[in-house]
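J.: In terms of our numbering, the sequence shown opens at residue 1 and continues consecutively.
Provided herewith is a single structure, encoded as structure tokens, for subsequent inquiry.
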Amino acid sequence: MYDSDQRKIVSVLCHGSIFFSTTLVAIAIPLAALFLSTDPVVKDNAKEAINFHFNVWLYGIIIGVLAFVTLGALGLILGPILFLFHWGLPILGIVQLLNNPDQVYRYPFIFRVF
């Protein structure tokens, strides 16, 4: 059986790493958890966090290009939505993992590479 406290801490670290934003630490934490952990729930949470990182970066690039093309008009509309997406969903995931560390948190509205 796997240690529930360790599972909770590592899974929360994976999802909370998004708050390091564009630093390499943000992606290094879930990558390290993915490759070093033997716990299947931690591995699934790490994969989900990595997929979320890629989606946030991709959406940010798309919104940046659209804002440039529309002289900022779409950036004013889509920027706050991305902000809520970027900050709100990981907070929701952390809260859910703290309440139930044995379940994998799945982000809505993302495509999964892994």
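Note that the Cβ used here is the ideal one computed from N, Cα and C, for glycine as well.
Here the structure is a predicted model, which is why all the values come from computation and not from measurement.
Is residue 37 helix, strand or coil when you go by DSSP?
T.: Residue 37: coil per DSSP, three-state reduction.
J.: In three-state terms, what does DSSP make of residue 100?
T.: Three-state result, residue 100: coil.
J.: Going by other Cβ atoms of all chains shown within 10 Å of its Cβ, with 16 needed for buried, is residue 93 buried or exposed?
T.: The residue is buried, with at least 16 neighbouring Cβ atoms inside 10 Å.
J.: Report the rounded CA-to-CA distance for residue 25 versus residue 102, giving the unit in angstroms.
T.: Approximately 25 angstroms, taken between the alpha carbons.
J.: How about residue 2 and residue 44: do their beta carbons lie closer than 8 angstroms?
T.: No.
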